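The structure appears right after this line, and notes come after that.
2 protein chains.
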Amino acid sequence: MDMLWSGWGDPAAATPLPDTVTGLLRDLLGVEPRGAGPVALEDIAVPPSPLDAEAHRALLAAVGGHDEHVRTDAGTRVRHTRGKSTPDLLRIRAGEVDDVPAAVVLPAGHDEVLAVLRACAAHGLAVVPFGGGTSVVGGLAPVRRGTFVALDLRRMDGLLAVDPVSRTATLQAGLRAPRAEALLAEHGFTLGHFPQSYEWATIGGFAATRSSGQASAGYGRFDDMVLGLTLATPEGTVGTGRAPRSAAGPDLRQLLLGSEGAFGVITSVTVRVRPVPPTRRYEGWRFPSFRQGADALRRLAQDGPRPTVLRLSDETETLVGLAQPDAIGSAARQDAGCLAVVGFEGAAEDTARRRDRAAAALRDAGGTPLGEEPGRRWAHGRYSAPYLRDALLDAGAFAETLETAAFWSRLPELYASVREALTATLTAAGTPPLVMCHISHVYENGASLYFTVVSAQGDDPVAHWTRAKHAANDAILAAGGTISHHHGVGADHRDWYVREAGPLAVDALRAVKRRLDPAGVLNPGVLLPAD
Amino acid sequence: MDMLWSGWGDPAAATPLPDTVTGLLRDLLGVEPRGAGPVALEDIAVPPSPLDAEAHRALLAAVGGHDEHVRTDAGTRVRHTRGKSTPDLLRIRAGEVDDVPAAVVLPAGHDEVLAVLRACAAHGLAVVPFGGGTSVVGGLAPVRRGTFVALDLRRMDGLLAVDPVSRTATLQAGLRAPRAEALLAEHGFTLGHFPQSYEWATIGGFAATRSSGQASAGYGRFDDMVLGLTLATPEGTVGTGRAPRSAAGPDLRQLLLGSEGAFGVITSVTVRVRPVPPTRRYEGWRFPSFRQGADALRRLAQDGPRPTVLRLSDETETLVGLAQPDAIGSAARQDAGCLAVVGFEGAAEDTARRRDRAAAALRDAGGTPLGEEPGRRWAHGRYSAPYLRDALLDAGAFAETLETAAFWSRLPELYASVREALTATLTAAGTPPLVMCHISHVYENGASLYFTVVSAQGDDPVAHWTRAKHAANDAILAAGGTISHHHGVGADHRDWYVREAGPLAVDALRAVKRRLDPAGVLNPGVLLPAD
Chain A
1 MDMLWSGWGD PAAATPLPDT VTGLLRDLLG VEPRGAGPVA LEDIAVPPSP
51 LDAEAHRALL AAVGGHDEHV RTDAGTRVRH TRGKSTPDLL RIRAGEVDDV
101 PAAVVLPAGH DEVLAVLRAC AAHGLAVVPF GGGTSVVGGL APVRRGTFVA
151 LDLRRMDGLL AVDPVSRTAT LQAGLRAPRA EALLAEHGFT LGHFPQSYEW
201 ATIGGFAATR SSGQASAGYG RFDDMVLGLT LATPEGTVGT GRAPRSAAGP
251 DLRQLLLGSE GAFGVITSVT VRVRPVPPTR RYEGWRFPSF RQGADALRRL
301 AQDGPRPTVL RLSDETETLV GLAQPDAIGS AARQDAGCLA VVGFEGAAED
351 TARRRDRAAA ALRDAGGTPL GEEPGRRWAH GRYSAPYLRD ALLDAGAFAE
401 TLETAAFWSR LPELYASVRE ALTATLTAAG TPPLVMCHIS HVYENGASLY
451 FTVVSAQGDD PVAHWTRAKH AANDAILAAG GTISHHHGVG ADHRDWYVRE
501 AGPLAVDALR AVKRRLDPAG VLNPGVLLPA D
Chain B
532 MDMLWSGWGD PAAATPLPDT VTGLLRDLLG VEPRGAGPVA LEDIAVPPSP
582 LDAEAHRALL AAVGGHDEHV RTDAGTRVRH TRGKSTPDLL RIRAGEVDDV
632 PAAVVLPAGH DEVLAVLRAC AAHGLAVVPF GGGTSVVGGL APVRRGTFVA
682 LDLRRMDGLL AVDPVSRTAT LQAGLRAPRA EALLAEHGFT LGHFPQSYEW
732 ATIGGFAATR SSGQASAGYG RFDDMVLGLT LATPEGTVGT GRAPRSAAGP
782 DLRQLLLGSE GAFGVITSVT VRVRPVPPTR RYEGWRFPSF RQGADALRRL
832 AQDGPRPTVL RLSDETETLV GLAQPDAIGS AARQDAGCLA VVGFEGAAED
882 TARRRDRAAA ALRDAGGTPL GEEPGRRWAH GRYSAPYLRD ALLDAGAFAE
932 TLETAAFWSR LPELYASVRE ALTATLTAAG TPPLVMCHIS HVYENGASLY
982 FTVVSAQGDD PVAHWTRAKH AANDAILAAG GTISHHHGVG ADHRDWYVRE
1032 AGPLAVDALR AVKRRLDPAG VLNPGVLLPA D
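See the structure below:
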């Protein structure tokens, strides 16, 4: 099924806000209900497709001549307009479709993708690779200098190979994560990649954006899992990955991972897989402060045992209960401290042993065990936050997230300065926010920070947020963080990415792009400045 | 001190071959003693430096005007001629110095490196970055189209920063590994990187070549340890690494790691460090066959517990005793099977626990414990194999190594076909070899194979070896391996690297090089084909 065009996921799975939350929003943030929900899809004035007949014929020829694989109807085009950031949603809910593609092309495999890219280069059509459509950083909104098409990979959804001895699998890029897990489970394997976008996002999108999942402490980031990639470009194919690791030159996989459609279209990915764990155990722990909890997480990340899931909410997020979306506002939590979720997966005996050793370390670091109930609630609600955002927007609130990462010693300053930037900017705009944060990914040498912001919408929420987001981006760079730990660069972070990487490095990447995409048709303005 | 110009290491550490080995070489391989050792250094006819006065002045100005930092004397130039492959040694021992640099430049820091590179670009001088000089793949022998200089990083040997909270350290590129370990030990840390070149190689060299050490099972490869890099290029500086991991675009660190001086000169590296382990325990295990031993290693790599050191010799290497160079030929080993070295480092309790669990798994996989003595002997002799090679050359034998890696399911075919290629080619040349192999680096999804070849020298050992090596390279690619797991590409593997990576990917890397090094002065012909 298709994702809801005006919001997240499956409309049947949406749930209204509990009255307690509506009350909280009103009392705390001055949120007033707004009458208008999304406009009706059929009321949106979608301009006719600007695709000319010759280009249309070329695209059709590239995908085997079937009309249903080059779609120009308004509904399909609207469903491929931008991604799922809050500004994206606010604009699409208002019927703004200035980013609508001219057509949606659905190739059946690598060779058809090559043919589509050649056709696009020949006809001057920009092309936006489209997997699950879940980008929250403007990864699907190219610089519009002419006609562009969306290249939807949904027909490329096969498990191409499994090697049970090496524990590898080759997956087509358009496979959605739940289907990939189901196909791997038939062989007894799991990928172990569970980002919040899990139910909708695709294998190719994970690779193109360097996704990181909620079990990254145990399974690693998606880029850790990738052993090989196949990339289709207007100039031909790049294939990588003959061994787990190599000293044969730069790691080309790591040049293609995170390339966000600017270098080509990832058509298949060979990944590390692991046996499906027989045991999963998630627990809650309470820490007196975010600082103390962060120290405890660092201790596990550096000295072990390493949990599979490791997450710590700050005081505000714990108070609101965001780690357990089903339970928000359900109880007074005045002395809640900071909630950590600590999860272990694996063989029963090994899981128990690691759990016991971790529990000793966490107690030693000032933690109080809360048992399995908070862990179960976290696991149950782990994919529901995007639905909650839709409900908040319906209620007249603004809600958005952003994230970064840094070395451990820089985290306290990074945390303080991003909070301050968001709070000051939105307060000055007349919509004082609630800023919450959690650590969701840990490494020996550092961790990520994931911020959630909720406020009243105010008169012009997109403009307010743009200012706050830019201030947060500046604060991230000033405090030594990276502009994104797992959402990617897209168009929204591009200018800060250029500052982070530096002009010479960005120029080197542009040189790569020019070689692979001389006509500059691939996702122009996403990741790298458009030529 | 300087490394022996005509061989390996410290001449005082050299030891002659035991008589048992000389006898083995004669009986098994027909090796006859040769009279001639290396020519005398003073007898080598080193051509006068072709560096013109203007270029000399420019280089001098780049390094602060001190004569001793731009050296053109014959001795220094010979010591910077090529690396330490067996063909390199055979040629230098014979007084062949056609690859001698015009000068050796010794900058004091990053800014001086930048100035040297600008001077080289301005004056059309090719430049070869030179760390420990231990390359065995022609990494120090550029395509000679004109004058070239060696850029020796030895003056850049400082520990620039330690962050004990994040467990990171920033090291200058010219630091030799033992000195780096000593500086880190003052802070209670270790890098844990112990390749066979450890006593001479440098931090910058490890990064430029994607080095992997003998404790890679526990500490990871050098490229796993690198969190940030600073690169000096003729066009300016590239700096990377604000967080352990990021979703902000391609991983630039992984583009610079393995760039072998073709993109620029790595001037400092920020690495992950770990507490010095209080306990180290290395043990020997015997397996009935290489196949069974490899399955046991795979089991530990995939299901744990992961040892710190994990190495398995095949039947021939075990028979010869190469894993314990001090003991070669010391005992009849007719039923030796295959020797594995399994080592654990860490806190005493944790080491014991992991060791016990690993022992149970190894027994279950058909292994027989041999106690700590074989482990101690391996650890004692772990850096002595290059000295042994010098003694073999002195004795009239030929000895060389090569290595590769692949996914587990491809290893048996890779092993068989590389052995066959080496054996067939050298036998046809009239010098039938002894081919030995070990697995020295394991991953969840695959492992490395490291081959050692010993034969008589024959009439023209360099030509014989070149043919055998090319046949092995072809066999590696045909069997699905990578052309190098940890020695790198250099000039020797370049043509096979181009086949492995494919023309489009190589072109993309050449585009990067052209942006960073438009004059093409950086290590021309190393890694990438010269323009």
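Protein sequence lines correspond, in order, to chains A and B.
Under our numbering, the first residue of the first sequence is numbered 1, with each subsequent residue one higher.
Under our numbering, the first residue of the second sequence is numbered 532, with each subsequent residue one higher.
For glycine and all other residues, C-beta sits at the position ideal for the given N, C-alpha and C.
Predicted, not measured: the structure shown is a model, and the values here were computed from it.
- Separation of residue 398(A) and residue 96(A) (C-alpha to C-alpha, rounded to the nearest whole angstrom) is 18 angstroms.
- Contact with chain B is absent for residue 110(A), since none of that chain's Cβ atoms lies less than 8 angstroms from the residue's Cβ.
- Cβ contact annotation for residue 807(B) (same chain, cutoff 7 angstroms, sequence separation greater than five): 716, 719, 720, 721, in chain order.
- For residue 175(A), the closest alpha carbon among the candidates 58(A), 169(A), 391(A), 153(A) is that of 153(A).
- Across the region 291-308 of chain A, CB contacts with chain B closer than 9 angstroms involve 298, 302, 303, 304, in sequence order along the chain.
- Here the alpha carbons of residue 168(A) and residue 612(B) stand approximately 43 angstroms from one another.
- Taking 9 angstroms as the cut-off between beta carbons, the residues of the region 491-510 of chain A near chain B are 493, 496, 497, 500, 501, 502, 503, 504, 505, 506, 507, 508, 509, 510, in sequence order.
- By the criterion of at least three beta-carbon pairs nearer than 8 angstroms, the region 1011-1021 of chain B is in contact with the region 935-953 of chain B.
- Residue 657(B) sits away from residue 590(B), with the two beta carbons spaced by 8 angstroms or more.
- For residue 909(B), the enclosing alpha helix (DSSP H) starts and ends at 904-911.
- Within 7 angstroms of the CB of residue 207(A), no CB atom of chain B is found; the nearest one sits about 11 angstroms away.
- In summary, residue 515(A) is buried, with 16 or more beta-carbon neighbours lying within 10 Å of its beta-carbon over all protein chains present.
- The beta carbon of residue 776(B) falls within 8 angstroms of a beta carbon belonging to chain A, placing the residue at that interface.
- For residue 1011(B), a Cβ of chain A is located within less than 8 angstroms of the residue's own Cβ.
- With its beta carbon at least 8 angstroms from every one in chain A, residue 616(B) lies outside the interface.
- Residue 459(A) and residue 396(A) have their C-alpha atoms roughly 11 angstroms apart.
- Taken in chain order, the whole beta strand (DSSP E) runs of length 3 or more contained in the region 621-690 of chain B are 634-636, 657-661, 679-683.
- With respect to residue 1040(B), residue 796(B) sits apart: the two C-beta atoms are not nearer than 8 angstroms.
- Per DSSP, residue 236(A) lies in no alpha helix (DSSP H); the unbroken beta strand (DSSP E) holding it starts and ends at 236-240.
- At least 8 angstroms separates the beta-carbon of residue 526(A) from that of residue 132(A).
- A Cβ-Cβ distance of about 6 angstroms is found for the pair residue 260(A) and residue 488(A), placing them in contact under the 8 angstroms criterion.
- The beta carbons of residue 254(A) and residue 781(B) sit about 6 angstroms from each other, so the pair counts as a contact at 8 angstroms.
- Using beta-carbon distances, residue 749(B) does not count as an interface residue toward chain A, since no partner is under 8 angstroms.
- One alpha carbon belongs to residue 821(B), the other to residue 813(B), and they sit about 20 angstroms apart.
- In this structure residue 48(A) is exposed. Its beta-carbon is surrounded by fewer than 16 other beta-carbon atoms within 10 angstroms.
- In this structure, DSSP gives residue 255(A) a helical state, which the three-state scheme calls helix.
- The Cβ-Cβ distance between residue 30(A) and residue 456(A) falls below 8 angstroms.
- Bounds of the alpha helix (DSSP H) holding residue 465(A) are 461-478.
- The C-beta distance from residue 446(A) to residue 774(B) rounds to 6 angstroms, short enough to fall under 8 angstroms.
- The C-beta distance from residue 498(A) to residue 529(A) rounds to 7 angstroms, short enough to meet the 8 angstroms contact threshold.
- The beta-carbon of residue 995(B) is placed no less than 8 angstroms from the nearest beta-carbon of chain A.
- Within the same chain, Cβ atoms closer than 7 angstroms to the Cβ of residue 148(A) are found at 101, 102, 125, 126, 127, 128, 142, the five residues on either side in sequence being excluded.
- The beta-carbon of residue 673(B) is placed no less than 8 angstroms from the nearest beta-carbon of chain A.
- A residue is called buried when at least 16 other Cβ atoms come within 10 angstroms of its Cβ; residue 546(B) does not meet this threshold and is exposed.
- Using a Cβ-Cβ cut-off of 9 angstroms, residue 921(B) is close to nothing in chain A; its nearest Cβ partner there is about 24 angstroms away.
- Each residue's CA atom was taken as its position, placing residue 801(B) and residue 319(A) some 38 angstroms apart.
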